[in-house]
Each structure stands twice: as C-alpha cells, then as structure tokens.
Amino acid sequence: NAGVMQNPRHLVRRRGQEARLRCSPMKGHSHVYWYRQLPEEGLKFMVYLQKENIIDESGMPKERFSAEFPKEGPSILRIQQVVRGDSAAYFCASSPKPDSYEQYFGPGTRLTVT
Amino acid sequence: AQSVAQPEDQVNVAEGNPLTVKCTYSVSGNPYLFWYVQYPNRGLQFLLKYITGDNLVKGSYGFEAEFNKSQTSFHLKKPSALVSDSALYFCAVRSGGSYIPTFGRGTSLIVHP
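Chains as they are written, first to last, in our numbering: chain P, -1 to 112; chain L, 5 to 117.
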C-alpha cells in the first residue's frame, strides 16, 4: 500500500525558471494539501484541493503560484519565475475525506533556486 | 483563529530518561490536537491525536500526550527515551469547523546515549 508520493525529491532551478512539483495521494484519497517548510520554521499551509476543485487557497502567494488536482493524474504545484525566496521544502499530504482527523504526508520536494 | 506554540526549540535528554515536549494551543471551540514527527529529509509521520474522550492519548513508538483543557496544553511524553527518538516534533491544532491544521514551529529532540 504505497504512501503519498512526491517527485522530484530534489529540484534545482535558476531564478526566473518554472518549478513543477508533483504529488500522488495515497490510494483512495481524494483530498490533497500542500505545505511549505522554510528553514527554522514550521509548516505553512498553502492550498487544499479535491479532485478538479480548489477548496482553500488562503495560504498561497497571490502571484506566481498555482495548484491543480485534475481528475486523472497527480496534483501539481506550479511556481512560475522562481526567486531565491522560494527555496524551501514543499510537502504534500492527503486524506480520504475532509473531516478525517490526520493527514498522511509525502517525503517532500526540496526546491533550491540558484 | 487557531494557533500553536512550542516554546522550546530544542530539548535534550539522556537515553533512558523520561522526555516531555511542550505544546500549547489556542482555538475557537473544541480542539483537535495532533503530534507528528519528522526525521531528517523525510515527511511528517503521524504519532497521535486527541479528538475527544480520555485526556491521556497513547500513540506510536511508546509516545503519549495529555490533553489539559484548563491549561490549553497538549504535551508529548515518553517514559524512557531512545537515541532513535531524536527528530523534529510538530504539534498541530485545528477546530472542528476547519479542515486545515495549524502547525507549531517544531521542537528538535536530541537524545544522548
């Protein structure tokens, strides 16, 4: 029973390039959450998605960041025109239903912007 | 609004001794409380949760936590620490009306041999 999968595990981008982070939830889970972890900080919520719907994007920066969770395939977090401040670990979590108590986390994607 | 405070950035304990990692919270209504552990270069792993019922909650790897409503605390405990318990520990809270937990900044637990 595979857990939450994220790829790539490590991603290096130059300033101005685009970063695409992928998340495949656990089997049977249709709810996905993205978090960002900056050095010396906790996890900050970014966006909550269900299949084909963005439910809560209150933690997403207003510009350059977008997320989707299509009917088929993984959830994608997209960062356009990356800047050095985007360097962080990005974690995806999934749950089988919105009121499920705990979330299951993937191993994260570590983005480095040079 | 909901918030979590983990007042200690780091906790040091000798192997075999009891450990406590502190967490206090603020939330409207009844709290749902969680502890997660993160090992280096890994994602968060769920340890235990309090939703309702007995104030003492038992979780994975011998950890437990005590919910104290009057002190708005949910401290993580273990009677006898192992070196392999060394990791980053996160407390999280959400209200019953929210699907999104708020995480603390994390506490680094270091267990010395």
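Every residue gets a Cβ at the ideal spot worked out from N, C-alpha and C, and that includes glycine. Predicted, not measured: the structure shown is a model, and the values here were computed from it.
What residues match up with residue i in a beta bridge as DSSP calls it?
i, result
"P35 of chain L", "L:S99"
"E70 of chain L", "L:L60 and L:H79"
"Y63 of chain P", "Per the sequence shown, residue 63 of chain P should be read as Phe rather than Tyr. DSSP output for F63 of chain P lists P:I77 as bridge partner(s)."
"C27 of chain L", "DSSP, once it has assigned bridges, lists no residue as partnering C27 of chain L."
"Y46 of chain P", "P:Y31 and P:D54"
"Q15 of chain P", "Q15 of chain P is not bridged to any residue."
"Q4 of chain P", "P:C21"
Compare the C-alpha of residue i against each of the options and name the closest.
i, options, result
"T110 of chain P", "P:P94, P:L47, P:P23 and P:I77", "P:I77"
"L9 of chain P", "P:Y88, P:P96, P:L47 and P:Y102", "P:Y88"
"C95 of chain L", "L:G66, L:V25, L:A18 and L:G20", "L:V25"
"G20 of chain L", "L:G108, L:T106, L:S30 and L:S88", "L:S88"
"E100 of chain P", "L:P11, L:S77 and L:V97", "L:V97"
"M24 of chain P", "P:T112, P:L41 and P:G104", "P:G104"
"Y33 of chain P", "P:K69, P:V81 and P:A65", "P:A65"
"K49 of chain P", "P:E61, P:P37, P:G40 and P:S28", "P:S28"
"L60 of chain L", "L:R46, L:F71 and L:Y36", "L:F71"
"F50 of chain L", "P:S92, P:T112, P:T107 and P:Q4", "P:S92"
"F67 of chain P", "P:L36, P:E38, P:S22 and P:F43", "P:S22"
"F3 of chain L", "P:Q35, P:G40 and P:G83", "This structure gives no information on residue 3 of chain L, because the portion of chain L shown stretches from 5 to 117."
"S74 of chain L", "L:A5, L:T28, L:Q14 and L:L48", "L:T28"
"G47 of chain L", "P:D84, P:G83, P:G1 and P:D97", "P:G1"
"P59 of chain P", "P:D84, P:P96, P:I53 and P:R18", "P:D84"
According to DSSP, is residue i part of a helix, a strand, or is it coil?
i, result
"D13 of chain L", "coil"
"V87 of chain L", "helix"
"D97 of chain P", "coil"
"Y54 of chain L", "strand"
"R34 of chain P", "strand"
"R20 of chain P", "strand"
"R82 of chain P", "helix"
"Y43 of chain L", "coil"
Between which residues of its own chain and residue i is the CB-CB distance below 8 Å, once the five residues before and five after are set aside?
i, result
"N34 of chain L", "T56, S99 and G100"
"K69 of chain P", "K49 and E50"
"E16 of chain P", "R76, I77, Q78, Q79 and V80"
"E12 of chain L", "V25, K26 and T111"
Leaving out the 5 sequence neighbours to the left and right, which residues in its chain are closer than 7 Å to residue i when beta-carbon positions are compared?
i, result
"G26 of chain P", "P94"
"S109 of chain L", "It is worth fixing the name first, because residue 109 of chain L is Arg in this sequence and not Ser. The residues are Q10."
"Y93 of chain L", "V25, W39, V41, L80, G110, T111 and L113"
"G106 of chain P", "Q4, A87, Y88 and F89"
"S90 of chain L", "L113, I114 and V115"
"P72 of chain P", "R20, C21 and S22"
"P105 of chain L", "F38, A96, V97 and R98"
"Y43 of chain L", "A91"
"G57 of chain P", "K42, F43, M44 and V45"
"R82 of chain P", "R13 and V111"
Keeping to the same chain, check which residues put their C-beta closer than 6 Å to that of residue i; ignore five residues upstream and five downstream.
i, result
"P22 of chain L", "P83"
"E55 of chain P", "V45"
"S30 of chain L", "S7"
"V17 of chain L", "L23, A85 and V115"
"K53 of chain L", "F38"
"R108 of chain P", "H8 and A87"
### Task
Count the C-beta pairs between the region 49 to 66 of chain L and the region 77 to 89 of chain L that are closer than 8 Å, then say yes if the count reaches three, no if not.
Because the criterion of three Cβ pairs below 8 Å is met, the region 49 to 66 of chain L and the region 77 to 89 of chain L touch.
### Query
Any residues in the region 51 to 67 of chain L with a beta carbon nearer than 8 Å to a beta carbon of chain A? Which ones, in chain order?
The displayed structure is made up of protein chains P and L, and chain A is not among them.
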